[in-house]
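A quick write-up on the structure given underneath.
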Amino acid sequence: MGAFIGHEISHEFDDQGKSFDAEGTMMNWWMPEDQRKFDAAALTVVRQYDAYTVLDSVHVNGRLTLGENIADIAGVAAAYDAMRLALKQHGPPESIDGLLPDQRFFLAWASVWRSKMQDDALLNMVKTNTHSPPQFRVVGPLSNMKEFFAAFNVKPGDPMRRPDSLIAKIW
Ligand SMILES: [Zn+2]
């Protein structure tokens, strides 16, 4: 739930939210330097999602889905930080079903996106929807988090382990 809240908050100051000021007036309120840094980081996200494919060879459109992908990456990261702060304050809970809090955090996010779609619906989604297909709403954010690698001992060379230099961090 925290990741969804973080996702929505991120939209307030992403590639679309930057176009409206605090009063809701259409106006770009970003400094040129911030814009330049955002564009560079966003390009990493575009390339990551462009590389994802469904139905063997149909690529996700990294530009079309950029704002939503950034919101997913930011939302999961913010929720994770919030969880760590809460655990620091209240102490770590016991493992449940043999899973540590960090593992349960990432599994919870993955569970939310379990889905099954007809090929036509999936194709339509990739061509028209600003949200990435469900599986990439999991793989995308988590493959940008070193905390995820640590939680499940994801090693260099494993499918979800990005090299450090290709990790996207927007906020
Ligand atoms: Zn969104």
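Under this note's numbering, the first residue of the sequence shown carries the number 24, and numbering increases by one thereafter.
Positions of the beta carbon are idealized from the N, C-alpha and C atoms, including for glycine.
Quantities reported herein were computed from a predicted structural model and do not represent experimental measurements.
query: Contact set for A105: own chain, Cβ-Cβ below 6 Å, skip 5 residues either direction; result: G25
query: Cβ-heavy atom distance, G163 to ligand 1, below 8 Å; result: no
query: Closest by C-alpha distance to L78, when choosing among Q141, K60, I28, K192; result: Q141
query: Identity of the residue in L66, K111, Y103, L108 nearest G90 by Cα; result: L66
query: Own chain residues within Cβ distance below 7 Å of W52, not counting five before or after; result: K41, D44
query: Straight-line gap, T76 to R70 (C-alpha atoms, nearest Å); result: 12 Å
query: Beta carbon shell of ligand 1 at less than 6 Å from a heavy atom; result: H30, H34, E91, A94
query: Inter-residue spacing [alpha-carbon to alpha-carbon] between S155 and S166; result: 15 Å
query: F175, enclosing alpha helix (DSSP H) - first and last residue; result: Counting along the chain, F175 falls outside any alpha helix (DSSP H), and DSSP gives it neither H nor E.
query: Residue of E117, N92, V81, P182 minimising C-alpha distance to W194; result: N92
query: Ranges of the alpha helix (DSSP H) found wholly within the stretch 68 to 93, counting only runs of at least 4; result: none
query: Residues near S138 by beta carbon distance below 6 Å, same chain, minus five either side; result: P157
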